[in-house]
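Student: Before we start, here is the structure in question, set down as structure tokens.
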Amino acid sequence: MNIRTVPFDHPDAVKLSDQVQAEYHVRYGDGGDATTLDPTDFEPPNGLYLIAYDANDDPVATGGWRSQDANGEGNEDGDAELKRMYVIEQARGLGLARRMLAALEENARSAGRTRMVLETGTKQPEAIALYTSSGYEPCVKFGYYRFHDDSRCFAKVL
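Heads up, the sequence shown is in the UniProt record's numbering, so the first residue is 1 and it goes up one at a time.
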């Protein structure tokens with residue numbers, strides 16, 4: 001796997017984002033994640049967006065983080081919020097999500113962030129399993145979906 005830093009609005013990032021949004025719609029029936037994301041949120045040193053490419057140079061996995069500080073929506077100073085973690089269906093089970101997660105955590109730590117946080121949902125049990133097996137623990141709900149019953153938030157000290 002070749003992991004590259006790309007802009008959040010890179011064509012391959014948009015392609016994979018459209019795919020994950022379609023999957024969210026199938027799972028939740030709500031049109032996808034409605035969280036407002038600005039491409040500049042993922043620009044270093046305040047964020048990062050990565051795409052993993054296979055041996056054929058096809059994009060197969062994605063993920064990013066953006067800086068968050070205390071904001072009245074449940075975030076704390078020093079947070080790095082994980083966004084758009086996704087592995088295409090044909091590449092699942094190969095450990096790509098775990099490798100992507102580790103790369104994002106290391107980058108956020110190097111940027112001075114103290115806690116990685118994420119929001120996922122009850123209809124994504126494989127995501128919850130990945131995060132809990134990677135040391136994430138339930139935390140106070142934050143962000144756009146903090147009042148939704150299906151929402152689950154997790155955090156890990158970096």
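The beta carbon of each residue, even a glycine, is placed where N, CA and C say it ideally should be. Here the structure is a predicted model, which means the values were calculated and not measured.
Contact defined as beta carbons within less than 8 Å: I believe alanine 103 pairs with alanine 61. What is the distance between those atoms, to the nearest angstrom?
Tutor: So it is not a contact: roughly 10 Å between Cβ atoms.
Student: For the beta strand (DSSP E) holding valine 20, just list the boundary residues, first then last.
Tutor: Element bounds for valine 20: not the beta strand (DSSP E) but the alpha helix (DSSP H), 11-28.
Student: Roughly how many whole angstroms lie between the Cα atoms of cysteine 153 and arginine 66?
Tutor: So the two alpha carbons sit approximately 16 Å from each other.
Student: How many angstroms separate the CA atom of methionine 100 from the CA atom of glutamate 137?
Tutor: Spanning the two alpha carbons is a distance of roughly 19 Å.
Student: Tyrosine 144: buried (16+ other C-beta within 10 angstroms of its C-beta) or exposed?
Tutor: Burial call: exposed.
Student: Quick one, are the C-beta atoms of valine 53 and proline 44 less than 8 Å apart?
Tutor: It is tyrosine, not valine, that sits at residue 53 in the sequence shown. No, the pair does not count as a contact, with Cβ atoms beyond the cut-off.
Student: In the DSSP assignment, what are the bridge partners of isoleucine 51?
Tutor: According to DSSP, which records beta bridges pairwise, isoleucine 51 is partnered with Arg4, Thr62.
Student: On the premise that aspartate 57 lies in contact with aspartate 69, defined as a C-beta separation below 8 Å, what is that separation, rounded to the nearest angstrom?
Tutor: No, aspartate 69 and aspartate 57 are not in contact; Cβ-Cβ is about 37 Å, not under 8 Å.
Student: Under the rule that 16 or more other beta-carbon atoms within 10 Å means buried, what is serine 17, buried or exposed?
Tutor: When all chains shown are included, serine 17 counts as buried.
Student: Distance check for lysine 141 and phenylalanine 42, CA to CA, integer angstroms please.
Tutor: The alpha-carbon atoms of phenylalanine 42 and lysine 141 are separated by roughly 22 Å.
Student: Assign proline 39 to one of three DSSP states: helix, strand, or coil.
Tutor: In the structure shown, proline 39 sits in a helix (DSSP, three-state: H, G or I).
Student: Which residues in the same chain have their Cβ closer than 7 Å to the Cβ of glycine 47, if we skip the five residues on either side of it in sequence?
Tutor: Result list for glycine 47: Asp41, Gly64, Trp65, Arg66, Ser67, in chain order.
Student: Suppose you measure from the CA of asparagine 75 to the CA of threonine 120; what does that come to, to the nearest Å?
Tutor: Going by the C-alpha atoms only, they are around 15 Å apart.
Student: For phenylalanine 147, count the other beta carbons within 10 Å of its own beta carbon; 16 or more makes it buried, fewer makes it exposed. Which is it?
Tutor: Exposed, because fewer than 16 other Cβ atoms sit within 10 Å of the Cβ of phenylalanine 147.
Student: As a quick exercise: from Ser151, Glu126, Ala91, Asp33, pick the residue whose alpha carbon is nearest that of alanine 55.
Tutor: The shortest C-alpha separation from alanine 55 is found at Ala91.
Student: The alpha helix (DSSP H) spanning residue 163 covers which residue range?
Tutor: The displayed coordinates of the chain run from 1 to 158. Any statement about residue 163 would go beyond what the structure contains.
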